[in-house]
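A.B. asks: Just dropping this structure here.
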Amino acid sequence: MNFDTIIIGGGLSGLTAGIELQKRGQKTLMISSGQSALHFFSGSFEFLNTEEDYPEALKKLPAGHPYSLMGAEKVLETASKVQDFFAGAGVVLNGEEGRNHFRITPIGVLKQAWLTLEDYARLPSDKSLPWKKVTIANIEGFLDFHPDFIAAGLEELGAECHCRSISLPELDRLRNNPSEMRSANIARALTGSVIGNLAKRLSDVSAGSDVILLPAVLGLDDPRPAQSLKVRTDRPIEYIATLPPSVPGIRTQMMLKNFYTRLGGTYLLGDSVTGGDFEGRKLKGIRTVNHSDKLFCADNFILASGSFFSRGLLSTPSGIFEPVFDLQVNCPQERRDWTKENFFDRQPYMGCGVATDGQFRALRKGESIENLRVCGSLLSGSDAINEGCGAGVATITALHIAENITEGK
Amino acid sequence: MEYNTSENNFEQCMKCTVCTVYCPMLAVNPDFPGPKQAGPDGERYRLKDPSFYDEALKYCLNCKRCEISCPSNVKIGDIIQKARLDYSAIKPGLREFALSHTDLIGTAASVIGPVVNDVLKLGAVQYAMDTMMGVDRRRTFPEYSRERFTLWFRRNARAAQEKYSRFVTYFHGCYANYNYPKLAQDFVKILNALGYGVHLMEKEKCCGVALISNGFRKDAIRGAKKNLKSIREAVAKSEPVLATSSTCTFTIRDEYPHLLGLDNSDIRGSVMMATRFIFNLIDSGKAVLVFRNDYRHRIAYHTPCHLEKLGWSIYSTSLLKMIPGVDFVMLDSQCCGIAGTFGFKKENYQYSQKIGEGLFRQISEAEPDMVATDCETCKWQIEMSTGFKVENPISILADALDVEATIEANAALGTEAADK
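In structure tokens form, the structure reads like this:
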């Protein structure tokens, strides 16, 4: 079976690359060994934690950072396309031109963000809030959202917070199974006429408030229930991320995947690539668990298998390695140097990843593989948590690689 | 490479809850504990003390969609199925016996085929089965054929097979044998046109999927051993064993070892879906299919859960897309809700239909001439619930095939290969 490009990994970065390649007229295959980290989506994409404008901040990054490999100019040019790119798939993100805004985390802290889903709170500053009186409402029995934490955080910024619990008879059956009263199951129940009842209950408990903050548990298949509730409630509503699974994340994953297949892409879920056949500095084809004897061939390959969480990287007592092609990995030699004792310090293992040349071509046994490129969190040199650049690296490197492949660079 | 791994990778679960999102049963039935709780979480307790077993695990459809979604490769569905067989105290009754012993019932029914069909359609009989046995009266049973496939093959096709020099062995399964011999005949038609003779297994028994899910482990092991013996004989003659049912294929390849304790590693790679075998022949240039130019149909393809787990729908869909007159629609992969015998049981009917709603809606919106799918119970469920006609991709290929032209083209290919 022959394709123009085969993408290994079906998360944010792989889907971005796949969609862009399909749009550019390629025939692609995507192989994903399970659902992705989008199921943990905060509702915001991060570009880089910085108080400065992006061009200034990019200058200060170390040479091995994926953004530095691309060059600041190219990074900014590509970044400016991301918002429209996602809107094309139906995922509406908002942000400021060239600098960060702030989002509210599930524990009530304000953090920097680049692009935020349309329904979520998007704040211009982390020094003050645009609201004086805030109602934080939770669904009774839902354990993956903690209004008291959020209230404690927002009160430090001077807001008067009131925590409320909403009970709806439509959710009584879900409450029979407390261990599975999870966001996705609540989202399935909060549709249709239930939205009207919820809107009424919210209006009743939030008298005098400037805003109602709600867990993001509406709209599993499409964003309409979340929007409909906003329209029907007397006061403004903003959504806040919950503990996983993330309903807007699941929705985003589905919308991107459906967009990709509508564009003609082939998506294989639940399969794992076991290795490939190399001819000199070229990857000829790959094999998978489900299609054992079959060689999937392509002109180009993209490895977007993620970092430790998605098993794109594995660590053992003797080393950190990339399990699909055994590519070269940048990581500290000594195991004791992988971590720092203070949990909140920058952890060196977070910067581990596959070594590439300037075009993101993977290095293997000291040589770059001409037609195997790496994108997203598998790349070495960035620390998504400490630098706040996970989604930025995932989407920007993916778009860049897709452009280079189709333009023959 | 892997450290600290246990049976079914259960300790690899990092409690991320992704599986709970994709469980079709949990979405409609809060009485089911969900794959995470029923699988790896519950397993920790059951290993300590079997009395922690929860009979609500009977709601698991064994669709394996939890496993497909798991980012950590935990065999969640396998853990649950194994626990059901190991710990369930529910004793299967007459209904479970009748629904699962497909060989026995099928043989009896095909002797008196048309009578059984008429009797099963009688309102009074359906009422009695509903009230006395708990088989839902809204279900229609697949009809039994008067002449089962094996008999037809012996009378009409077996002798003609010997003129071929290459062979495949066909695992027809209960459905193609007792209910729908046309599917098996279509299989023979295509393989013959491609230049392959068809052998049947020395002794074919039901793959055992219904026996396993209804709690008859011993009967399942007995049948599986006979199947493995015959499969080994075929493989020893270098014949691949091909099937037209995704669930039979999946059960023999992936359920025999971990649920029945039967090692199949020597033959697992030789047992596959017919569509995979045929596609690979075409893809590698070893054979060609020539289609009629007057075949025109809009066909929507539904991926059965077990084919999704095998990862092989790409073979069936690629073949269908090769037919020039086919207007192809890919349906988003969702469980149809029937899960074999599960949906025939009265207490499960409501869940079955609720799970299938999404798929049924997709089908009516696509307005196809017919639906294609590789699983017989999906076919029944879709036909019963939507009214759309459902065909196996093999039957569609056979109908669209220009048999004479295909035979000629493959004979020419053979001569070419011989010349080289």
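Residue numbers (our numbering), protein chains in the order written: chain A, 248 to 656; chain B, 1460 to 1879.
We treat Cβ as the ideally placed atom computed from N, Cα and C, and that holds for glycine.
Mind checking which residues open and close the beta strand (DSSP E) that includes A/N249?
C.D. replies: Taken as a continuous stretch (DSSP letters only), the beta strand (DSSP E) holding A/N249 covers N249 to I255.
A.B. asks: Output the boundary residues of the beta strand (DSSP E) element that contains A/E407.
C.D. replies: From DSSP, the beta strand (DSSP E) with A/E407 extends over E407 to I413.
A.B. asks: Tell me the rounded alpha-carbon separation between A/L311 and A/D251.
C.D. replies: Leu is not the amino acid found at residue 311 of chain A; the sequence shown has Gly there. Approximately 29 Å between the Cα atoms of the pair.
A.B. asks: For the segment 251–276 of chain A, which residues have a CB atom closer than 7 Å to at least one CB atom of chain B, in sequence order?
C.D. replies: Residues passing the 7 Å Cβ filter: none.
A.B. asks: At 3 residues or longer, and completely inside the segment 1721–1769 of chain B: list those beta strand (DSSP E) runs for me, N to C.
C.D. replies: For the segment 1721–1769 of chain B, whole beta strand (DSSP E) runs of length 3 or above, ordered along the chain, are 1730–1732 and 1756–1760.
A.B. asks: Can you tell me whether DSSP reads A/K612 as helix, strand or coil?
C.D. replies: Coil.
A.B. asks: Can you pull the chain A residues whose beta carbon is under 8 Å from the beta carbon of B/T1479, in chain order?
C.D. replies: Ordered by position in chain A, the residues that pass the 8 Å Cβ test against B/T1479 are E427, R429, A431, N432 and P492.
A.B. asks: Considering only residues of the same chain and omitting the five flanking positions on each side of B/G1720, which have a CB-CB separation below 6 Å?
C.D. replies: Excluding positions up to five away in sequence, the list is empty.
A.B. asks: Drop a sphere of 10 angstroms on the beta-carbon of B/T1590, count the other beta-carbons inside from all chains shown, and report buried for 16 or more, exposed for fewer.
C.D. replies: Result: exposed.
A.B. asks: Beta-carbon separation of B/A1759 and B/C1522 under 8 Å?
C.D. replies: Not closer than 8 Å, so no.
A.B. asks: Is B/D1833 helix, strand or coil when you go by DSSP?
C.D. replies: Correct three-state label for B/D1833: coil.
A.B. asks: Are the Cβ atoms of A/N643 and A/R620 separated by less than 8 Å?
C.D. replies: The sequence shown places Ile at residue 643 of chain A, not Asn. It is not a contact, given that the beta carbons lie outside the stated cut-off.
A.B. asks: Can you tell me which of A/P564, A/L461, A/F396 and A/H409 puts its alpha carbon nearest to the alpha carbon of A/N385?
C.D. replies: It is A/L461.
A.B. asks: Flag A/I497 as yes if its beta-carbon sits less than 8 Å from any beta-carbon of chain B, otherwise no.
C.D. replies: Interface residue, yes.
A.B. asks: Taking the straight line between their C-alpha atoms, what separation do you get for B/E1466 and B/I1527?
C.D. replies: Cα to Cα, the separation comes out at about 17 Å.
A.B. asks: From the beta carbon of B/A1486, is the nearest beta carbon of chain A less than 8 Å away?
C.D. replies: Yes, because at least one Cβ of chain A sits closer than 8 Å to the Cβ of B/A1486.
A.B. asks: Among A/R534, A/L550 and A/G553, which residue has its Cα nearest to the Cα of A/C544?
C.D. replies: Of the listed residues, the one whose Cα sits closest to A/C544 is A/R534.
A.B. asks: Under 8 Å by Cβ, that's how I've got B/G1654 and B/G1667 pegged, so tell me the actual separation to the nearest angstrom.
C.D. replies: Between B/G1667 and B/G1654 the Cβ distance is about 33 Å, and since that is not below 8 Å, they are no contact.
A.B. asks: Kindly indicate if chain B contains any beta-carbon less than 8 Å away from that of A/Q282.
C.D. replies: True, the Cβ-Cβ gap to chain B drops below 8 Å.
A.B. asks: Have a look at B/L1818 and B/L1766 and give me their C-alpha separation to the nearest angstrom.
C.D. replies: Each residue's alpha carbon lies about 16 Å from the other.
A.B. asks: Counting only beta-carbon atoms, is A/S557 nearer than 8 Å to chain B?
C.D. replies: By this cut-off, A/S557 is an interface position.
A.B. asks: Three-state secondary structure (DSSP) at B/F1491?
C.D. replies: It is coil, neither helix nor strand.
A.B. asks: Quick check on DSSP: helix, strand or coil for A/S426?
C.D. replies: It is helical.
A.B. asks: For the alpha helix (DSSP H) containing B/P1640, name the first residue and the last one.
C.D. replies: It spans P1640 to A1652 - the alpha helix (DSSP H) in which B/P1640 sits, taken as one unbroken run.
A.B. asks: Output, in chain order, the set of chain A residues within a Cβ distance shorter than 9 Å of B/Q1620.
C.D. replies: The premise fails here: B/Q1620 is roughly 26 Å from chain A at the closest Cβ pair, so nothing lies under 9 Å.
A.B. asks: Looking at the structure shown, is B/Y1655 part of a helix, part of a strand, or coil, going by DSSP?
C.D. replies: Strand at B/Y1655.
A.B. asks: Could you please tell me which residues of the segment 517–548 of chain A, in chain order, have their CB closer than 9 Å to any CB of chain B?
C.D. replies: Against chain B - using a Cβ distance shorter than 9 Å - the residues of the segment 517–548 of chain A are G517, D518, S519, T535, V536, N537, H538, S539, D540 and K541.
A.B. asks: Looking at the unbroken beta strand (DSSP E) that takes in A/D373, where does it start and where does it end?
C.D. replies: That residue, A/D373, is in no beta strand (DSSP E); it is neither H nor E in DSSP.
A.B. asks: Any residues in the segment 609–636 of chain A with a beta carbon nearer than 7 Å to a beta carbon of chain B? Which ones, in chain order?
C.D. replies: Result list empty, no residue passes.
A.B. asks: Do A/G517 and A/G281 come within 8 Å of each other at the CB atom, strictly closer than that value?
C.D. replies: It is a contact, given that the beta carbons lie within the stated cut-off.
A.B. asks: Enumerated in chain order, which unbroken segments of the beta strand (DSSP E) with a length of 3 residues or greater are wholly contained in the segment 328–388 of chain A?
C.D. replies: The segment 328–388 of chain A contains these whole beta strand (DSSP E) runs: 348–351, 357–360, 362–364 and 380–386.
A.B. asks: One question on the structure: do A/P472 and A/T438 come within less than 8 Å of each other, judged by their Cβ atoms?
C.D. replies: Going by C-beta atoms, A/P472 is nearer than 8 Å to A/T438.
A.B. asks: Whole angstroms are fine: how far does the CA of A/S493 sit from the CA of A/K379?
C.D. replies: The alpha-carbon atoms of A/K379 and A/S493 are separated by roughly 28 Å.
A.B. asks: Out of B/M1781, B/V1627, B/F1626 and B/L1718, state which residue places its alpha-carbon closest to the alpha-carbon of B/D1742.
C.D. replies: Ranking B/M1781, B/V1627, B/F1626 and B/L1718 by Cα distance to B/D1742 puts B/M1781 first.
A.B. asks: Any idea what DSSP makes of B/Y1895, helix, strand or coil?
C.D. replies: No information on residue 1895 of chain B is available, as it lies outside the stretch 1460 to 1879 that chain B covers here.
A.B. asks: To which residues does DSSP link A/I549 through a beta bridge?
C.D. replies: DSSP, once it has assigned bridges, lists A/I254 and A/R620 as partnering A/I549.
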